[in-house]
Amino acid sequence: MNLLYRLILKIHTIWKSIYDRAYIEICKSRGMKVGKDVIFIEAPAFGSEPYLIEIGTRTKITAGCTFINHDGAMYVIRSMEKYKDARNFGRIRIGENCFVGNNCTFLPGSQMGNNCILGAGSVLNSSMPDNSVYAGVPAKFICTIEQYGDKSLENNTMYPRELETIRPHLDEYISKNLPYTYKPVKKTND
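In my numbering, the protein residues as written are 59 to 248.
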């Protein structure tokens with residue numbers, strides 16, 4: 059039975075990969091600009107105006123991301139005479155060498171500079187300067203890329219780097235050797 063489940067998952071994974079690649083290529087054919095070496099963990103929802111999206115070279119976009127290029131809420135106010143011509147569209151740009159965490163949303167007119175990180179679950183409704191880390195709803199400045207890198211080195215997980223070429227060996231090593239330490243409880247300011 060386990061073999062059957064694995065086969066079903068493999069077929070699903072292959073189908074999803076083909077579908078995602080086709081969707082990305084269709085969006086590119088509709089004018090979306092994508093630089094070289096961009097990694098999509100899965101295809102984001104690019105909305106109805108992919109031609110308003112630009113993604114820079116060597117950027118990684120993880121799962122569940124959404125690009126919103128227009129304000130659909132105009133539907134409500136256009137029924138009122140004063141606002142019958144209300145329309146709101148905006149371009150979205152992601153710079154070079156960026157990382158977009160899972161389930162991020164980009165709103166019209168938002169932009170990531172170069173060398174930026176947007177934390178998982180964030181909603182970007184403004185622009186991020188180069189070399190910055192933002193997170194939250196709405197996304198706000200967290201730290202600079204250099205500060206993020208320094209903190210990453212402080213919390214670095216050491217393992218033999220040659221294990222990276224064989225993922226099952228890396229998984230086994232991390233599973234057995236990663237200590238059972240957790241982040242402390244954050245104190246609230248009442």
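Backbone N, C-alpha and C define an ideal beta-carbon position, used for all residues, glycine too.
Check, Outcome
"Sheet register partners of residue 192 (DSSP bridge)", "176 and 199"
"Supposed close pair residue 185, residue 169 - CB separation, criterion 8 Å", "4 Å"
"Sequence-distant residues of its chain with Cβ nearer than 6 Å to residue 164 (five each side left out)", "125, 150 and 182"
"Beta-carbon gap between residue 105 and residue 128 smaller than 9 Å", "yes"
"Contiguous beta strand (DSSP E) assignments of at least 3 residues, all confined to the stretch 84 to 159", "111 to 113 and 150 to 152"
"Bounding residues of the alpha helix (DSSP H) (the contiguous stretch that carries residue 233)", "225 to 235"
"When 123, 92 and 122 are compared against residue 111, the one with the closest alpha-carbon", "92"
"Cα-Cα separation, residue 67 to residue 76", "14 Å"
"Proximal residues to residue 188 (C-beta, below 8 Å), its chain only, five neighbours per side dropped", "153, 171, 172, 173 and 174"
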